[in-house]
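Since the structure comes first, as structure tokens, the remarks are kept for the end.
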């Protein structure tokens with residue numbers, strides 16, 4: 001269960017650059033090995049041998065803790081995701097809530113990294129991450145409550161089973177769009193990568209990080225993308241369901257397509273301003289998510 | 303039962319440290335720790351649903367709001383490594399406990415919270431409405447202060 005997400009996430013280091021290049025009519029990394037796949041071990045080796053520097057002015061304990069938080073919370077979230085019938089680590093009745101709890105704890109990673117670096121750019125990045133998190137966390141939770149209401153359960157396996165015949169993306173299209181936007185914000189990717197905004201803040205919250213600690217943030221972002229794609233597959237795209245092919249294959253196909261769409265969005269959209277994201281979250285997406293929940297509840301009770 | 307005692311001790315110590323910490327962010331980190339320990343206490347009392355809500359709402363949302371405000375105000379820095387030793391050790395206690403007492407079976411058979419919801423919206427419906435009025439009053443007050 002752990003092997004799948006880590007493999008996909010590390011392949012994304014190469015895959016994202018190739019896909020972005022494709023969208024922008026470039027070649028991307030294609031020199032090392034077949035299709036440039038050798039780029040991946042080359043990058044990993046480079047990361048391993050870089051000097052792992054802890055700034056003397058940093059708050060050392062928090063500085064070391066921060067990258068560990070993002071990796072552990074996003075990897076722990078995978079334990080509640082069912083990839084096939086019975087193929088799940090923890091088939092919990094409150095699986096959806098455990099996912100929400102872990103994702104809200106994951107936000108501390110970026111905030112604490114920015115604060116502990118004791119550097120004004122990093123602090124600004126952490127500050128933006130905290131503000132951003134307040135903006136999206138509420139409507140993210142509300143947008144998937146419609147799905148939970150339709151399935152009558154927080155159990156992710158039961159949610160997948162409730163979608164037999166009609167995937168949630170049709171009746172819950174509003175919820176899907178809102179959750180997709182929240183997922184982009186949750187993983188700190190363009191158009192919501194305000195926390196690292198390299199054109200304004202050097203490298204934002206991880207400006208002081210080097211070596212494997214930077215690698216943890218780097219891969220942690222891709223693990224987050226994989227997690228959010230898997231979650232959207234489970235909640236809206238019928239999870240493992242599909243004709244002919246075995247369930248795990250269907251689940252992987254859907255997840256990979258969603259990951260590609262994340263890369264496409266990154267290649268297409270410009271970055272939003274920090275206040276624009278908060279205004280959008282509280283003034284438009286939160287009422288929309290509430291409206292979606294209200295209509296869903298009304299239809300169920302009718 | 304030992305889960306309860308260790309977690310509640312950590313909660314009490316962490317809350318106390320949150321009160322006496324000289325550095326605002328360290329105090330907040332102790333506060334987060336105390337929320338996490340409290341959620342384990344609630345879990346051990348047989349309410350995993352409420353325990354998860356505690357993490358989502360308090361440790362996840364409200365404490366981030368606090369951290370946000372503290373960062374905005376940017377209080378004077380007191381970077382002392384020793385002051386972070388204790389929260390680290392207390393947190394390690396929680397982790398060790400999680401490893402030692404395998405929590406997964408109880409989480410797997412946790413109820414989905416349906417009885418809680420029914421109780422909230424039927425038996426205690428009026429009270430929930432009153433509490434939401436209180437929240438509305440807080441919201442209006444914040445709006446009034448914000449407009450000044």
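Residue numbers (the working numbering), protein chains in the order written: chain V, 1 to 302; chain D, 303 to 450. Yeah, the Cβ is synthetic: ideal placement off N, Cα and C, and Gly gets one too. All figures in this text were calculated on a predicted structure; none of them were measured in a lab.
Review point. Is residue 362 of chain D close to chain V, meaning its C-beta is less than 8 Å from at least one C-beta of that chain?
Key: Chain V, which has a Cβ nearer than 8 Å to the Cβ of residue 362 of chain D, makes this yes.
Check your understanding: Pick from V:187, V:247, V:228, V:242: whose alpha carbon is nearest that of residue 218 of chain V?
Key -> Ranking V:187, V:247, V:228, V:242 by Cα distance to residue 218 of chain V puts V:187 first.
Check your understanding: If you check the beta carbons only, do residue 176 of chain V and residue 262 of chain V fall under 8 Å apart?
Key -> Between residue 176 of chain V and residue 262 of chain V, the C-beta spacing is not below 8 Å.
Check your understanding: Can residue 353 of chain D and residue 339 of chain D be called in contact, C-beta distance under 8 Å?
Key -> Contact flag unset, no.
Exercise for review: Out of V:231, V:157, V:302, V:297, state which residue places its alpha-carbon closest to the alpha-carbon of residue 91 of chain V.
Suggested key: Closest in alpha carbon position to residue 91 of chain V, among V:231, V:157, V:302, V:297, is V:157.
Check your understanding: So what does residue 84 of chain V bridge to, in DSSP terms?
Key -> Under the DSSP definition of a beta bridge, residue 84 of chain V partners with V:87.
Exercise for review: For residue 53 of chain V, decide whether its Cβ has a neighbour in chain D, counting only Cβ atoms nearer than 8 Å.
Suggested key: No, no contact with chain D.
Review point. Relative to the ligand GDP, is the shortest distance from any of its heavy atoms to the C-beta of residue 38 of chain V smaller than 7 Å?
Key: Of ligands this structure carries none, so the ligand GDP is not represented either.
Review point. Buried or exposed: residue 370 of chain D, going by 16 or more other Cβ atoms within 10 Å of its Cβ?
Key: Its Cβ being crowded by 16 or more others within 10 Å, residue 370 of chain D is buried.
Review point. With 16 as the cutoff for other CB atoms within 10 Å, does residue 397 of chain D come out buried or exposed?
Key: In this structure residue 397 of chain D is exposed. Its beta-carbon is surrounded by fewer than 16 other beta-carbon atoms within 10 angstroms.
Exercise for review: Report the residue ranges of all alpha helix (DSSP H) runs contained in full by the region 236 to 272 of chain V; include only those spanning at least 4 residues, in chain order.
Suggested key: Complete alpha helix (DSSP H) runs here, min 4: 247 to 268.
Practice item. Using a Cβ-Cβ cut-off of less than 8 Å, list which residues of the region 420 to 444 of chain D approach chain V; keep chain order. Key: For the region 420 to 444 of chain D, the set of positions with a beta-carbon nearer than 8 Å to some beta-carbon of chain V is empty.
**Study point:** Same chain, Cβ closer than 7 Å to residue 9 of chain V, five either side skipped, listed in chain order
**Key:** Here the set comprises 219, 222, 223, 226.
Review point. Using 8 Å as the Cβ pair cut-off and three pairs as the minimum, do the region 58 to 77 of chain V and the region 101 to 112 of chain V touch?
Key: Yes: the two stretches touch, three or more of their Cβ pairs being nearer than 8 Å.
Review point. Straight-line CA distance for residue 367 of chain D to residue 134 of chain V?
Key: Spanning the two alpha carbons is a distance of roughly 7 Å.
**Study point:** Best match in V:273, V:272, V:270, V:232 for proximity to residue 253 of chain V [C-alpha to C-alpha]
**Key:** When only C-alpha atoms are compared, the closest one is V:232.
Check your understanding: Thinking C-alpha only, which one of D:395, D:309, D:441 is nearest residue 347 of chain D?
Key -> From the listed residues D:395, D:309, D:441, the smallest Cα separation to residue 347 of chain D is found for D:309.
**Study point:** Own chain partners of residue 30 of chain V with C-beta closer than 6 Å, once the 5 adjacent residues on each side are dropped
**Key:** 36.
Point to revise | Cutoff 8 Å: residue 397 of chain D Cβ touching any chain V Cβ | key: Chain V contact via Cβ: absent.
Review point. With a CB to CB cut of under 7 Å and the five nearest residues on each side skipped, what residues in its chain are close to residue 251 of chain V?
Key: Annotation for residue 251 of chain V: 83, 84, 233, 239, 240 place their beta carbon closer than 7 Å to its own, counting only its chain and skipping 5 residues before and after.
Review point. Nearest chain V C-beta to residue 390 of chain D closer than 8 Å, yes or no?
Key: Answer yes: the Cβ-Cβ gap between residue 390 of chain D and chain V drops below 8 Å somewhere.
Practice item. Please confirm if residue 98 of chain V has its CB atom under 8 Å from at least one CB of chain D. Key: Chain D contact via Cβ: present.
Point to revise | Beta-carbon proximity list for residue 43 of chain V, same chain, < 7 Å, skipping 5 on both sides | key: So the list reads 13, once near-sequence residues are dropped.
**Study point:** Euclidean distance between Cα positions of residue 446 of chain D and residue 394 of chain D
**Key:** Taking the straight line from one Cα to the other gives about 43 Å.
Review point. Counting Cβ pairs, one atom from each stretch, are 3 or more of them under 8 Å apart for the region 158 to 171 of chain V and the region 18 to 30 of chain V?
Key: Contact between the region 158 to 171 of chain V and the region 18 to 30 of chain V is not established, with fewer than three Cβ pairs separated by less than 8 Å.
Point to revise | Collapsed DSSP secondary structure at residue 153 of chain V in the structure displayed | key: When secondary structure is reduced to three states using DSSP, residue 153 of chain V falls in the coil class, being assigned neither helix nor strand.
Practice item. Could you name the residues of the same chain whose beta carbon sits closer than 7 Å to that of residue 336 of chain D, not counting the 5 residues immediately before and after it, in chain order? Key: Its chain contains 313, 316, 317, 320 as the residues whose beta carbon lies nearer than 7 Å to that of residue 336 of chain D, once the 5 sequence neighbours on both sides are disregarded; these appear in chain order.
Exercise for review: Note down, in chain order, all residues in the region 125 to 154 of chain V with a beta-carbon under 7 Å from any beta-carbon belonging to chain D.
Suggested key: Close to chain D, meaning a Cβ-Cβ distance shorter than 7 Å, are the following residues of the region 125 to 154 of chain V: 126, 127, 130, 131, 133, 134, 137, 153, 154.
Check your understanding: Between residue 373 of chain D and residue 123 of chain V, which are expected to be in contact by the criterion C-beta below 8 Å, what is the C-beta distance as a whole number of angstroms?
Key -> That pair is a contact at about 7 Å.
**Study point:** Contact list for residue 354 of chain D against chain V, beta-carbon separation under 7 Å
**Key:** Within 7 Å Cβ-Cβ: 94, 97, 98, 101.
Practice item. Can you say whether residue 49 of chain V is buried or exposed, counting buried as having 16 or more other CB atoms within 10 angstroms of its CB? Key: Exposed, because fewer than 16 other Cβ atoms sit within 10 Å of the Cβ of residue 49 of chain V.
Review point. Span of the alpha helix (DSSP H) holding residue 295 of chain V?
Key: Element bounds for residue 295 of chain V: 286 to 301.
Review point. Taking 8 Å as the CB-CB cut-off, is residue 123 of chain V touching chain D?
Key: Chain D contact via Cβ: present.
Point to revise | Through-space distance from residue 163 of chain V to residue 117 of chain V, alpha-carbon basis | key: When rounded, the distance between both Cα atoms is 46 Å.
Review point. Would residue 381 of chain D count as contacting chain V if we go by Cβ distances under 8 Å?
Key: With a pLDDT of only 48 at residue 381 of chain D, under the threshold of 50, the placement of this residue in the model should not be trusted, and no figure is reported.
**Study point:** Assumed close pair residue 143 of chain V, residue 289 of chain V - CB separation to whole angstroms, cut-off 8 Å
**Key:** At roughly 5 Å, the Cβ-Cβ gap stays under 8 Å, so residue 143 of chain V and residue 289 of chain V are in contact.
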